[in-house]
Amino acid sequence: MSALGNIAAAQSAKRISAYNAKVTRMERDFLDAKREVNTKFYNNVTKPLLLKNQKKGRANLFVSSLRSGAEVREGTTPYDVMLENNVNQAFNVVIADYNQEMDANDQLNQSLMLEAKAQGQEYAGQMTARAQKFAAVGSLLSDANKLGYIG
Numbered sequence: 001m002s003a004l005g006n007i008a009a010a011q012s013a014k015r016i017s018a019y020n021a022k023v024t025r026m027e028r029d030f031l032d033a034k035r036e037v038n039t040k041f042y043n044n045v046t047k048p049l050l051l052k053n054q055k056k057g058r059a060n061l062f063v064s065s066l067r068s069g070a071e072v073r074e075g076t077t078p079y080d081v082m083l084e085n086n087v088n089q090a091f092n093v094v095i096a097d098y099n100q101e102m103d104a105n106d107q108l109n110q111s112l113m114l115e116a117k118a119q120g121q122e123y124a125g126q127m128t129a130r131a132q133k134f135a136a137v138g139s140l141l142s143d144a145n146k147l148g149y150i151g
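Each residue of the sequence shown is one higher than the one before, counting from 1 in my numbering.
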């Protein structure tokens, strides 16, 4: 009668692995959605705010330079300061873009790993179920042999 236990174990292994794979895929879907939200938020809120603040900072620097009475033209210190400020601001935007892209890639990689994990869970369940079915067949053949049906 261990055959019935093996058949039940096979069914349980399939159901447990399917459930685990479903949960893992839900986690993957959550990461995908989070990546999309973060990317949209960066493109629609964070980056425009950064650019707006930088524009305001450039304007304030220019006005401060003019108020000082210094001449702002190529080759002068106020010009060089404003040029360096513009380069630094551009570099800050590049860094922000890079960080956002790396975060998005990290979340994408995590979601791909979760999908692979889900597939592995399903495969493990199928292999366990297959082994239990073979054990059930073996048990039935053994019982049939003991009872004299085979031989």
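We treat Cβ as the ideally placed atom computed from N, Cα and C, and that holds for glycine.
For clarity, every value in this text was computed on a predicted model and none was experimentally measured.
Do you know how far the Cα of residue 98 is from the Cα of residue 72?
33 angstroms
Please go through the same chain and pick out, in chain order, the residues whose beta-carbon is closer than 8 angstroms to the beta-carbon of residue 76, but skip the five residues on each side of it.
70
Determine the direct distance from the alpha carbon of residue 109 to that of residue 29, and round the result to whole angstroms.
12 angstroms
Would a C-beta distance cut-off of 8 angstroms place residue 24 and residue 112 closer than the cut-off?
no
Taking its Cβ as the centre, do 16 or more other Cβ atoms sit within 10 Å of residue 60, making it buried, or is it exposed?
exposed
Do residue 17 and residue 124 have their C-beta atoms within less than 8 angstroms of each other?
yes
Using the Cβ count rule (16 or more neighbours within 10 Å means buried), how would you classify residue 166?
Past the boundaries of the shown model lies residue 166; the chain is included only from 1 to 151, so the question cannot be answered.
Is it a yes or a no for the segment 33-53 touching the segment 119-137, going by three-plus beta-carbon pairs under 8 angstroms?
no
Determine the closest residue to residue 62 out of 52, 22 and 85, with distance taken between C-alpha atoms.
85
Burial state of residue 31, where buried means 16 or more other Cβ atoms lie within 10 Å
buried
Given this structure, state the Cα-to-Cα distance separating residue 10 from residue 3, to the nearest angstrom.
10 angstroms
Measure the Cβ-Cβ separation of residue 100 and residue 34 and say whether it is below 8 angstroms.
no
Contacts around residue 135, its chain only, beta-carbon distance under 6 angstroms, and the 5 residues preceding and following it disregarded
6
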